[in-house]
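What follows is a set of notes on a single structure, which appears directly below.
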Ligand code: BTN
């Protein structure tokens, strides 16, 4: 644990509770039904296992997870000191626009973290990671559940490293993962952060107007920590270096490889890593 982590954050240690989160909540749908648990295997899984009995906008928040999942089947380290939450969205529209939902969620979560922590240099690394100073402080996982004969469902999971000690991260991500407490000493509670995330999500997820939707995408691009940078692009076993030229309207990445060839890289099975991340501490 760093010095910064030991001296700050008494409020971050306050337990999560429905009453405390609700006291900061300013939403119509998200969090109207909610559960707070001390531990879950994965909050996304919690929702998927109970999907037929949960309400639209249901939120579950956990103090820790023992089988947290990330994109591409990876695990997501979820010890105490973090905030792990998932929400249920019912309806075909969310399912069809999972990429757009990821973009909207990233913008909302980035804004919530900035608002509550006071950090101005929080950004988004394509496609769904929230970064601060080249370190990952939060991951987002949007999943679809399609059931014939039923409504369709989307589950949106968000994991934030608030005061997570570095030693709790898997060695494979220790060089890129960090906690908010590594960068600031603002004294906020995870209840406030959870509510701010939901408040901001409600502002972006349900926007239907085309112009307003385009503004959210612009904000996603403006917050990108990847545009103009060189990255490793991994697809299955293959990793190549490319410069990121931009982000398309459908959230695809526009890149130029070292041989000069340009390509559109779609979300899905691809992941990116900033070059230089692993050398910086
Ligand atoms: C990623 O980094 O690839 C996405 C990580 C998403 C983690 C969150 S924590 C809450 C929810 N439950 C999970 O098992 N995963 C998501």
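In my numbering, the protein residues as written are 675 to 955.
From the three backbone atoms N, C-alpha and C, an ideal C-beta is built for every residue, glycine too.
Computed from a prediction, not measured in an experiment: that's the story for all the values here.
- If you draw a 10 Å sphere on the C-beta of residue 931, you find fewer than 16 other C-beta atoms in it, and that means exposed.
- Three or more beta-carbon pairs separated by less than 8 Å link the segment 730 to 738 to the segment 706 to 722, which places the two stretches in contact.
- By the criterion of a C-beta distance shorter than 6 Å, residue 786 is surrounded in its chain by 870, 871, 874, once the five residues flanking it on both sides are discounted.
- Look at residue 934: its beta carbon is at least 7 Å from all of the heavy atoms in ligand 1.
- In this structure, the beta-carbon distance from residue 853 to residue 836 falls below 8 Å.
- The alpha-carbon of residue 884 is positioned some 16 Å away from that of residue 922.
- Excluding the 5 residues flanking it on each side, residue 730 has same chain C-beta neighbours closer than 6 Å at 764, in chain order.
- At least one heavy atom of ligand 1 lies closer than 7 Å to the C-beta of residue 815.
- DSSP places residue 747 within a helical segment (H, G or I) once states are collapsed to three.
- For residue 864, the enclosing alpha helix (DSSP H) stretches over residues 864 to 878.
- With respect to residue 915, residue 946 sits apart: the two C-beta atoms are not nearer than 8 Å.
- Closer than 7 Å to some heavy atom of ligand 1: that does not describe the Cβ of residue 827.
- Rounded to the nearest angstrom, the gap between the Cα atoms of residue 807 and residue 822 is 44 Å.
- About 5 Å separates the beta carbons of residue 716 and residue 743, which is inside the 8 Å limit, making them a contact pair.
- Residue environment analysis places residue 713 among the exposed positions, since fewer than 16 neighbouring C-beta atoms fall within 10 angstroms of its C-beta.
- Around the C-beta of residue 841, fewer than 16 other C-beta atoms lie within 10 Å, and the residue is accordingly described as exposed.
- Bridge partners of residue 766 according to DSSP: none are assigned.
- Assignment of beta-bridge partners to residue 905 by DSSP yields 916, 948.
- With a cutoff of 7 Å, residue 750 counts as near ligand 1, since its C-beta is closer than that to a heavy atom of the ligand.
- Assignment of residue 699 by DSSP, reduced to helix, strand and coil, places it in the coil class.
- Each residue's CA atom was taken as its position, placing residue 687 and residue 893 some 32 Å apart.
- If you draw a 10 Å sphere on the C-beta of residue 832, you find 16 or more other C-beta atoms in it, and that means buried.
- Using a cutoff of 7 Å, the CB of residue 712 does not count as near ligand 1, since none of the ligand's heavy atoms is closer than that.
- In this structure, residue 843 sits near residue 751, with a CB-CB distance shorter than 8 Å.
- Note: residue 936 is bridge-paired with 930 in the DSSP secondary-structure output.
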